[in-house]
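Structure, as structure tokens:
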Amino acid sequence: MMTNPGNRLTQGQFSFLPDLTDAQISAQIKWALQHGWAIGVEYTDDPHPRNTYWEMFGNPMFDLKDPAGILMEINNCRKTFPNHYIRVMAFNATRGGESPAMSFIVNRPGTEPGFGLSRQEAEGRQIHYTVHSYATDKPENERY
Amino acid sequence: MSKAATGGTVKEGKERYKAGVMPYAKMGYWEPDYEPKDTDILALFRITPQPGVDPVEAAAAVAGESSTATWTVVWTDRLTACELYRAKAYRVDPVPNTGEGTENEAQYFAYIAYDLDLFEEGSIANLTASIIGNVFGFKAVKALRLEDMRLPVAYLKTFQGPATGIVVERERLDKFGRPLLGATTKPKLGLSGRNYGRVVYEALKGGLDFVKDDENINSQPFMHWRDRFLYCMEAVNKASAATGEVKGHYLNVTAGTMEEMYERAEFARALGSIIVMIDLVIGYTAIQSMARWARKNSMILHLHRAGNSTYSRQKNHGMNFRVICKWMRMAGVDHLHAGTVVGKLEGDPLMIKGFYDTLRETRTPMSLEHGLFFEQDWASLNKVMPVASGGIHAGQMHQLLHYLGEDVVLQFGGGTIGHPQGIQAGATANRVALEAMVLARNEGRDYLQEGPQILEKAARTCSPLKAALDTWKDVSFNYDSTDTPDFVPTATASA
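Residue numbers (my numbering), protein chains in the order written: chain U, 95 to 238; chain F, 28 to 522.
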């Protein structure tokens, strides 16, 4: 079990707050749409801090402007992958941005085993560190 | 002021080059009809002339002394296209609320244009040797302050700019949509490497993104740099495994020589650090060298503005911090301390907005209210992440988000390490306060007004935040700023 505050993975904008309700998620979707950002839903069973490419639950929804429709997609993803990490991303395409503008977790597995740190002693007291996700000891889709 | 008023300009011929002394304004350094070119470098100086010195002559003298002039006429000018190399003062305005009928001695804003060919490409040292070189000691002015500059796109394109920039920094950290959180390890002096790393680990595990060396932590008898680096990286990696987040510690590589700085930076890289830091006092050329090194080594480069207040704080002499912001964006740093508005260090809200816009926007319009005298196009130079540090705490989160926005590192040193329940709890309090405030802002709430209630509600499920609010609720630093913008809403009459 993770021993950090909250005992959970703390990636994303709101991991230190109680899990967001559907109404709270909808409010965040509206904020993104007001800015013209496209929302994408992504999931993974490998939450390593440097696992950049979570699987996309479809492309970002560039043409969907209805918060209820976007929430439905999020909930479809939750139904399909109830024990995965799922995050909502917002993509800003304007010049000078052109990068994600939001990222927050909306689903996580019931138990979060977290990560181990392995140390390889090297020359001159240096240590080479590897962060290892305990979940990835099992094959994909059998991890949680 | 017309040419007649200054006795007529003599730019050419025998008359102009007669041996002897002649007013600067007459030698071609005052050109009220001059229309600045898009490729000109423009500078705005605040001039306090010596008693009896005409403001136009003072402005012309500043233009002269920061370009081609010396105290007497020299015939060798005639071997050059000297008209091009002369800087041209083209506008002089009285500063509002100075001079007769006010409590302040007369000051003037002088606009001066410099041709692009006066400067070497990609060199802050060369630019500054002219603009803030000899001229600041010039006797005809009692005091002189460089208020702002307009750097043409053609010149900016000769600079690397920030090694990483806000966009790529966020992508590397995998952190979007909220300010980043940091803290400076305290006490700044005396901790051993082992004890120092403890502070770093606790703060990062508790919820901060970054911890920072202070400006004067280099390699002293109580802790040599190698030990600090090794223990800090143990703390960073352990905290990263404990939270599943990318974490960092700004390892200060400031040292006595470039060779020593490169050695420390290389060691930080070998240990897997994502960020190193330098102090402003290492100098412009050293900063540019470290920025090139950082770009080459995928490293974020943090700059601590140690020393700047010796010349940026007093209104009549030195330079405004917004000019440092511009030079540092050109020089190529990724982080720059730029004020907190509400904390313990100097900072008028309007001025701070001008600094932040200068660091973060792709283009800034002229805005006298924010102290920006010129429109500035940043020519796709990366954006610099401003850092707010010094006397801020979780109870001010609504004000910090309102004044400073989202692309900023909020650094709570005392506000983390001084928490009554410990360092981890201090970090957690800050992170919860931040996330609650961003959530509320995004929900469209009037978070500036409702801030205290939003924090109080978040504290109901977070005892560290409750303790932080109880401890620091009455702490504020309400002193008048010494450096504020001078403007009147309508345009002032041209001198």
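Backbone N, C-alpha and C define an ideal beta-carbon position, used for all residues, glycine too.
Bear in mind the structure is a predicted one, so any value in this text is a computation, not a measurement.
Check this for me: beta carbons of residue i and residue j, under 7 Å apart or not?
i      : j      : result
F:K239 : F:Q451 : no
F:I158 : F:A70  : yes
F:V303 : F:A295 : yes
F:Y56  : F:A116 : yes
U:N201 : U:R172 : yes
F:S407 : F:Q438 : no
F:L475 : F:H429 : yes
F:G442 : F:H425 : no
F:P50  : F:D513 : no
F:D384 : F:V180 : no
F:V502 : F:A485 : no
F:K457 : F:L208 : For the sequence presented, residue 457 of chain F should be read as Asn rather than Lys. Contact: yes.
F:E321 : F:L330 : Reading off the sequence shown, one finds Ala at residue 321 of chain F, where the question assumed Glu. Cβ distance not < 7 Å, so F:A321 and F:L330 don't count as in contact.
F:G9   : F:G192 : Since the first residue of chain F shown is 28 and the last is 522, residue 9 of chain F is not available in this structure.
U:F175 : U:Y137 : yes
F:G374 : F:H397 : no
U:A184 : U:A126 : yes
F:P413 : F:L395 : no
Could one say the Cβ of residue i lies closer than 7 Å to chain F's Cβ atoms, at least one of them?
i      : result
U:M196 : yes
U:Y223 : yes
U:R169 : Residue identity differs from the one stated: residue 169 of chain U is Asn in this sequence, not Arg. For U:N169, the answer is no, since every Cβ of chain F falls outside 7 Å of its Cβ.
U:P71  : Here chain U comprises residues numbered 95 to 238, so residue 71 of chain U is not present and cannot be evaluated.
U:L165 : no
U:N186 : no
U:P99  : yes
U:L103 : yes
U:G152 : no
U:P141 : yes
U:T230 : no
U:E234 : no
Between residue i and chain U, is any beta-carbon pair separated by less than 7 Å?
i      : result
F:T443 : no
F:N222 : no
F:L257 : yes
F:A269 : yes
F:K232 : yes
F:L235 : no
F:E272 : yes
F:L496 : no
F:C352 : no
F:N264 : yes
Going by the C-beta, is residue i closer than 6 Å to any heavy atom of the ligand FMN?
i      : result
F:A133 : Although the ligand FMN was asked about, the structure shown includes no ligands whatsoever.
Within the same chain, show all residues whose beta-carbon is closer than 8 Å to that of residue i, passing over the 5 residues directly before and after it, in chain order.
i      : result
U:G204 : N177, Y238
F:L218 : T212, V226, F249, M250
F:V94  : The sequence shown places Ser at residue 94 of chain F, not Val. Taken in chain order, the residues that qualify are Y56, Y112, R113, A114, Y141, L145, S157.
F:Q448 : S490, P491, A494
F:Y223 : T212, M250, R255, Y258, C259
F:T281 : E242, N245, M288, M304, I305, D306, V308, I309
F:T509 : R340, Q341, K342, E373
Among the residues of its own chain, which have a CB less than 7 Å from the CB of residue i, if the five just before and after it don't count?
i      : result
F:S339 : G345, M346, N347, F348, I351
U:V225 : H142, P143, F209, L211
F:T185 : E148, G149
F:Y228 : A262, K265, A266
F:Q423 : V369
Quick test of your reading: residue i and residue j, contact by CB under 8 Å. State the CB separation rounded to the nearest angstrom.
i      : j      : result
U:I199 : U:Q118 : Incorrect: roughly 13 Å between the Cβ atoms, too far for contact.
U:S197 : F:F203 : 5 Å
U:I133 : U:M155 : 5 Å
F:E92  : F:A52  : In fact, because the Cβ distance is near 13 Å, the residues do not count as touching under 8 Å.
F:M326 : F:A190 : 7 Å
F:T313 : F:M285 : The question names Thr, but residue 313 of chain F in the sequence shown is Ala. Their Cβ separation, rounded to whole angstroms, is 6 Å, which keeps F:A313 and F:M285 in contact under 8 Å.
F:N525 : F:A170 : In the structure displayed, chain F extends from 28 to 522; residue 525 of chain F sits before or after that span and is not available.
Considering only residues of the same chain and omitting the five flanking positions on each side of residue i, which have a CB-CB separation below 6 Å?
i      : result
F:T99  : V48
F:G453 : T443, H446
F:D241 : T211, K215
F:P82  : P76, V119, Y135
U:K124 : P161
F:A133 : T125, G126
Check your understanding: Any residues in the segment 203-218 of chain U with a beta carbon nearer than 8 Å to a beta carbon of chain F? Which ones, in chain order?
Key -> Along the segment 203-218 of chain U, the positions whose C-beta sits under 8 Å from a C-beta of chain F are G208, F209, G210, L211, read in chain order.
Check your understanding: Between the segment 105-133 of chain U and chain F, which residues of the former have CB atoms less than 9 Å from a CB of the latter, in chain order?
Key -> If the cut-off is 9 Å between Cβ atoms, the segment 105-133 of chain U has Q105, G106, Q107, F108, S109, F110, L111, P112, L114, Q118, A121, Q122, K124, W125, A126, Q128 near chain F.
Check your understanding: If you measure beta-carbon to beta-carbon, which residues of the segment 179-213 of chain F are closer than 7 Å to chain U?
Key -> So the list reads V194, R197, E198, D201, F203, G204, R205, given in the order they occur along the chain.
Practice item. Scan the segment 372-396 of chain F for residues whose Cβ lies nearer than 7 Å to a Cβ of chain U and list them as they occur along the chain. Key: Those residues of the segment 372-396 of chain F that come within reach of chain U (Cβ to Cβ, closer than 7 Å) are T389.
Check your understanding: Of the residues that make up the segment 453-478 of chain F, which ones have a beta carbon closer than 7 Å to any beta carbon in chain U?
Key -> Residues are counted here when their Cβ sits less than 7 Å from a Cβ of chain U; for the segment 453-478 of chain F these are T455, R458, V459, E462, A463, V465, L466, N469, E470, given in chain order.
Practice item. Identify each residue in the segment 282-303 of chain F for which the Cβ-Cβ distance to at least one residue of chain U is less than 8 Å, and report them in chain order. Key: Answer in chain order: A297, L298, G299.
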